[in-house]
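Protein chains: 6
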Amino acid sequence: MKSTYRERLPDFPESMTVSTLHSDVKRNEKVTADEDRRTRGLRALSEITGDSGAGVVASLRDIAPDLADWIIDFSYGDVMARPGLDRRSRELATIAALTALGNAQPQLKVHIAGALRVGCKPQEIVEVILQMAVFAGFPAAINALNVAREVLDQ
Amino acid sequence: MKSTYRERLPDFPESMTVSTLHSDVKRNEKVTADEDRRTRGLRALSEITGDSGAGVVASLRDIAPDLADWIIDFSYGDVMARPGLDRRSRELATIAALTALGNAQPQLKVHIAGALRVGCKPQEIVEVILQMAVFAGFPAAINALNVAREVLDQ
Amino acid sequence: MKSTYRERLPDFPESMTVSTLHSDVKRNEKVTADEDRRTRGLRALSEITGDSGAGVVASLRDIAPDLADWIIDFSYGDVMARPGLDRRSRELATIAALTALGNAQPQLKVHIAGALRVGCKPQEIVEVILQMAVFAGFPAAINALNVAREVLDQ
Amino acid sequence: MKSTYRERLPDFPESMTVSTLHSDVKRNEKVTADEDRRTRGLRALSEITGDSGAGVVASLRDIAPDLADWIIDFSYGDVMARPGLDRRSRELATIAALTALGNAQPQLKVHIAGALRVGCKPQEIVEVILQMAVFAGFPAAINALNVAREVLDQ
Amino acid sequence: MKSTYRERLPDFPESMTVSTLHSDVKRNEKVTADEDRRTRGLRALSEITGDSGAGVVASLRDIAPDLADWIIDFSYGDVMARPGLDRRSRELATIAALTALGNAQPQLKVHIAGALRVGCKPQEIVEVILQMAVFAGFPAAINALNVAREVLDQ
Amino acid sequence: MKSTYRERLPDFPESMTVSTLHSDVKRNEKVTADEDRRTRGLRALSEITGDSGAGVVASLRDIAPDLADWIIDFSYGDVMARPGLDRRSRELATIAALTALGNAQPQLKVHIAGALRVGCKPQEIVEVILQMAVFAGFPAAINALNVAREVLDQ
Numbered sequence: 758m759k760s761t762y763r764e765r766l767p768d769f770p771e772s773m774t775v776s777t778l779h780s781d782v783k784r785n786e787k788v789t790a791d792e793d794r795r796t797r798g799l800r801a802l803s804e805i806t807g808d809s810g811a812g813v814v815a816s817l818r819d820i821a822p823d824l825a826d827w828i829i830d831f832s833y834g835d836v837m838a839r840p841g842l843d844r845r846s847r848e849l850a851t852i853a854a855l856t857a858l859g860n861a862q863p864q865l866k867v868h869i870a871g872a873l874r875v876g877c878k879p880q881e882i883v884e885v886i887l888q889m890a891v892f893a894g895f896p897a898a899i900n901a902l903n904v905a906r907e908v909l910d911q
Numbered sequence: 758m759k760s761t762y763r764e765r766l767p768d769f770p771e772s773m774t775v776s777t778l779h780s781d782v783k784r785n786e787k788v789t790a791d792e793d794r795r796t797r798g799l800r801a802l803s804e805i806t807g808d809s810g811a812g813v814v815a816s817l818r819d820i821a822p823d824l825a826d827w828i829i830d831f832s833y834g835d836v837m838a839r840p841g842l843d844r845r846s847r848e849l850a851t852i853a854a855l856t857a858l859g860n861a862q863p864q865l866k867v868h869i870a871g872a873l874r875v876g877c878k879p880q881e882i883v884e885v886i887l888q889m890a891v892f893a894g895f896p897a898a899i900n901a902l903n904v905a906r907e908v909l910d911q
Numbered sequence: 758m759k760s761t762y763r764e765r766l767p768d769f770p771e772s773m774t775v776s777t778l779h780s781d782v783k784r785n786e787k788v789t790a791d792e793d794r795r796t797r798g799l800r801a802l803s804e805i806t807g808d809s810g811a812g813v814v815a816s817l818r819d820i821a822p823d824l825a826d827w828i829i830d831f832s833y834g835d836v837m838a839r840p841g842l843d844r845r846s847r848e849l850a851t852i853a854a855l856t857a858l859g860n861a862q863p864q865l866k867v868h869i870a871g872a873l874r875v876g877c878k879p880q881e882i883v884e885v886i887l888q889m890a891v892f893a894g895f896p897a898a899i900n901a902l903n904v905a906r907e908v909l910d911q
Numbered sequence: 758m759k760s761t762y763r764e765r766l767p768d769f770p771e772s773m774t775v776s777t778l779h780s781d782v783k784r785n786e787k788v789t790a791d792e793d794r795r796t797r798g799l800r801a802l803s804e805i806t807g808d809s810g811a812g813v814v815a816s817l818r819d820i821a822p823d824l825a826d827w828i829i830d831f832s833y834g835d836v837m838a839r840p841g842l843d844r845r846s847r848e849l850a851t852i853a854a855l856t857a858l859g860n861a862q863p864q865l866k867v868h869i870a871g872a873l874r875v876g877c878k879p880q881e882i883v884e885v886i887l888q889m890a891v892f893a894g895f896p897a898a899i900n901a902l903n904v905a906r907e908v909l910d911q
Numbered sequence: 758m759k760s761t762y763r764e765r766l767p768d769f770p771e772s773m774t775v776s777t778l779h780s781d782v783k784r785n786e787k788v789t790a791d792e793d794r795r796t797r798g799l800r801a802l803s804e805i806t807g808d809s810g811a812g813v814v815a816s817l818r819d820i821a822p823d824l825a826d827w828i829i830d831f832s833y834g835d836v837m838a839r840p841g842l843d844r845r846s847r848e849l850a851t852i853a854a855l856t857a858l859g860n861a862q863p864q865l866k867v868h869i870a871g872a873l874r875v876g877c878k879p880q881e882i883v884e885v886i887l888q889m890a891v892f893a894g895f896p897a898a899i900n901a902l903n904v905a906r907e908v909l910d911q
Numbered sequence: 758m759k760s761t762y763r764e765r766l767p768d769f770p771e772s773m774t775v776s777t778l779h780s781d782v783k784r785n786e787k788v789t790a791d792e793d794r795r796t797r798g799l800r801a802l803s804e805i806t807g808d809s810g811a812g813v814v815a816s817l818r819d820i821a822p823d824l825a826d827w828i829i830d831f832s833y834g835d836v837m838a839r840p841g842l843d844r845r846s847r848e849l850a851t852i853a854a855l856t857a858l859g860n861a862q863p864q865l866k867v868h869i870a871g872a873l874r875v876g877c878k879p880q881e882i883v884e885v886i887l888q889m890a891v892f893a894g895f896p897a898a899i900n901a902l903n904v905a906r907e908v909l910d911q
């Protein structure tokens, strides 16, 4: 890995090599036990999705309790709670991706509400969806705006 | 449209109704003539993509000159140049969407470089791609990281 | 670009080069001002989609008036109104693409009606959807036929 | 084609070459006439989908009778009835693919019921959908589980 | 099925009902035996794809001879050879769908060449790809044009 | 949740309710600490992917060490190592999904090799890809077979 790359990634320890695969590497967000992931996950889930995320998790406990756990521990505890990217960017990025995919409208709705909750302005949400007209086509953008309207109208 | 919605969208004029479809409504970013779109588009194309966007545009002039124009005038002039969302968020959102789609790696490469150009940190780019492991799966994230490495290694 | 290519594209001016990017090139469908795009777009929107396209545009004016403008000016004014491909082919191509994508059923419905409006026979619409069983799979074709039935039954 | 490949594909006749394209090659599942495909297809359709597949086929006879025939003769007669892969694997694979695609929920529902019918345990169906969280993302898995719940609750 | 629907589908026999599922219904393109499908399929494969389709079929005979048969008998014999939609429309529709999907560039290349072979003008092929910028986004259109250039430059 | 559902899911404890979210529920595959997930994940990664999975993980340690960890701990430790579905079914399901998605060929290659490693016959792998011609279209199946040939030819 070239030096210029490391210069631009100051938060990657110089000592990071493949041989550290099994050792106890101290890096950002090192999870040492389940309850840390669980605590962090529940907090991020609540801060981002309010009650809706907890509702999704609860609704899964009948059919797939382990997926419910993974949402909390992995999706939110390991990923969404990470400090390397601010919450507003995370939610706008999620809205962009789900708009482009076009087949995850329930999750899109959750994250449009999540974007508002973490401080995005309604206009910023609309802007990122509009931008998807360029990258994923007009149908994707129109259908996502119809989901956004449901949230923004509340 | 409920009043709470308008309260949260202060930049929508109260006078915006369907009947204003044909009238000369003065709103943000009103385009009055081609050369404004062209000027704004060329500037945004350069500021975001450096020379690579111009390269894509130039390469299309043999087979589809009008698409080359649309990229400049519409994609960048009408959409990417809009002030309602900051450039860094726009590029991270684009990276997220293209990562999720998984079938637009040339464009993903352009916009990873674009994200760096508009001020995103390499780690922020990596973070948004990692986040797509949750929303679009691990293959999407892994394949996008391989594109990112090409850019970050330069 | 080889000469055989130009021979097959008689409508590409011999003088088309990259250096003409900023000059006033007179080619097909050159847009000189907004109202030409707007006029052409509104006419194409009406001729192809009847009232439904205008309905979609109107419904977007509350949340994203600029997207409403782009549909008229860009999607229909710059693209759908172009003379290089007949209207029937345009609508059948749109039906094929939306059937394959499988996540844009509202737009598919609009364009199935549009295909009828521009002169396609119902059987031709059914044929293009059937063909998508080969290229996108049977679920895509079945789901699109269910949309087609709604339109054809009216 | 290397010999090691043929060693692992004992059911490919050594005499299989391109020149046999038009000759009367006797290989597994050689269809000699329509009614064999039809008979095999109807039986597989019933064994796998119970009445729901026949319902889909019947519902298509008004708008696309030939697609109805293709489902029976090709999808089930030529493909699903093949002996080279057991029925349980076929249904679990279909569930995985439709979960990943995320835009074919009616068919996903049919094949979740189909998986139960051919002997898969409910937990196996849930497991394959959970696994798609890794390969296609959490939204795909969550949305598929909501379809599964409809079937498993009956 | 309402009468207005039947009025617009004159080629659907009045006597078409579900109970005709097993009987010997004489309708368009009734296939009575394998060699008819095979003959029709080989002819359509050749007329549309020239040698490239035969090349694809031949290349599959080592690993999946039955898929090779299905391409000839089903994809071309049952579907592409049907008279209800002209060949030019079929090829333009295929190009549109494969452009939108963005993950089938080898097949897109075959069908761009196919479109030329059945009489489409190069400009018509470019137009349908351009149109996909509206329905599937600019990346899809740009990437498809790069495939088209390979074919048109020959 | 109806009683018939519980009857078919004998491995769901009767006591599973939402209120058990934070308690220490003892259910299948309860992970109590990181090193259990790590150990299980490394073993499953090796048993399924041989060295290729470790190679992917190692290649990610420069740019995204945490994703490398998540592949081992979550994808393989939490998901692929689960006992509720046999390894052969897991690999065939993965091949089906990646074939249908059509944009993850590197991962498809890994899992075709993985399917062989866990005991699938080459013909079973070919069969599941063939089946995707029905559910995702012929291009998806053809392109996946070309990946399979690379693996099966070794």
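So the protein sequences, as listed, match chains P, H, A, Z, B and X.
Residue numbering for the first sequence follows my numbering, starting at 758 and increasing by one per position.
Residue numbering for the second sequence follows my numbering, starting at 758 and increasing by one per position.
Residue numbering for the third sequence follows my numbering, starting at 758 and increasing by one per position.
Residue numbering for the fourth sequence follows my numbering, starting at 758 and increasing by one per position.
Residue numbering for the fifth sequence follows my numbering, starting at 758 and increasing by one per position.
Residue numbering for the sixth sequence follows my numbering, starting at 758 and increasing by one per position.
Ideal Cβ positions, reconstructed from N, Cα and C, are used throughout, including at glycine.
Near residue i, what residues of its chain come up, given a Cβ to Cβ distance below 8 Å and the 5 sequence neighbours on each side ignored?
i, result
"Asp830/B", "Asp791, Arg794, Arg795 and Gly798"
"Met889/Z", "Ala853, Thr856, Ala857, Ala897, Ala898 and Ala901"
"Gly876/B", "Arg844 and Arg845"
"Ala861/B", "Leu855"
Does the beta-carbon distance from residue i to residue j come in below 8 Å?
i, j, result
"Phe895/H", "Val883/Z", "no"
"Ala815/A", "Leu858/B", "no"
"Arg874/X", "Gly807/X", "yes"
"Ser809/B", "Leu849/A", "no"
"Val813/P", "Ala870/P", "no"
"Val904/H", "Lys866/H", "yes"
"Gly841/H", "Glu881/P", "yes"
Using 8 Å as the limit for Cβ to Cβ distance, is residue i near chain Z?
i, result
"Phe831/B", "yes"
"Ala861/P", "yes"
"Thr806/X", "no"
Classify residue i as buried or exposed, calling it buried when 16 or more other Cβ atoms lie within 10 Å of its own Cβ.
i, result
"Asp826/P", "buried"
"Pro879/B", "buried"
"Pro822/H", "buried"
"Asp781/X", "In this prediction, Asp781/X has a pLDDT of 35, which is less than 50 and means its spatial position is unreliable; nothing more can be read from the coordinates."
"Asp819/A", "buried"
"Asp910/A", "exposed"
With a threshold of 6 Å on Cβ separation, who are the neighbours of residue i within its own chain once the five nearest residues in sequence on each side are excluded?
i, result
"Arg833/A", "Correcting the residue identity first, residue 833/A is Tyr in this sequence and not Arg. Answer for Tyr833/A: Gly798, Ala801 and Leu802, listed in chain order."
"Leu817/X", "Leu824 and Ala825"
"His868/H", "Glu848, Thr851 and Ile852"
"Val788/H", "With a pLDDT of only 46 at Val788/H, under the threshold of 50, the placement of this residue in the model should not be trusted, and no figure is reported."
Is residue i close to chain X, meaning its C-beta is less than 8 Å from at least one C-beta of that chain?
i, result
"Pro896/B", "no"
Can you find a C-beta in chain A that's less than 8 Å from the C-beta of residue i?
i, result
"Gln864/Z", "yes"
"Leu855/Z", "yes"
Between residue i and chain H, is the shortest Cβ-Cβ distance under 8 Å, so that the two count as touching?
i, result
"Ala905/B", "yes"
"Leu799/P", "no"
Less than 8 Å between CB atoms is the rule here; does residue i satisfy it with respect to chain P?
i, result
"Val813/A", "yes"
Would you verify that the beta carbon of residue i is, or is not, closer than 8 Å to some beta carbon of chain B?
i, result
"Ala850/A", "yes"
Going along the segment 816-846 of chain X in order, which residues come within less than 8 Å of chain Z, judged by CB to CB distance? Within the segment 816-846 of chain X, the qualifying residues are Phe831, Ser832, Val836, Met837, Arg839, Gly841, Leu842, Arg845 and Ser846.
Chain-ordered residues of the segment 881-894 of chain B with a beta carbon less than 8 Å from chain A: Within the segment 881-894 of chain B, the residues whose Cβ lies closer than 8 Å to some Cβ of chain A are Glu881, Val883, Glu884, Val885, Leu887, Gln888, Met889, Ala890, Val891, Phe892 and Ala893, listed in chain order.
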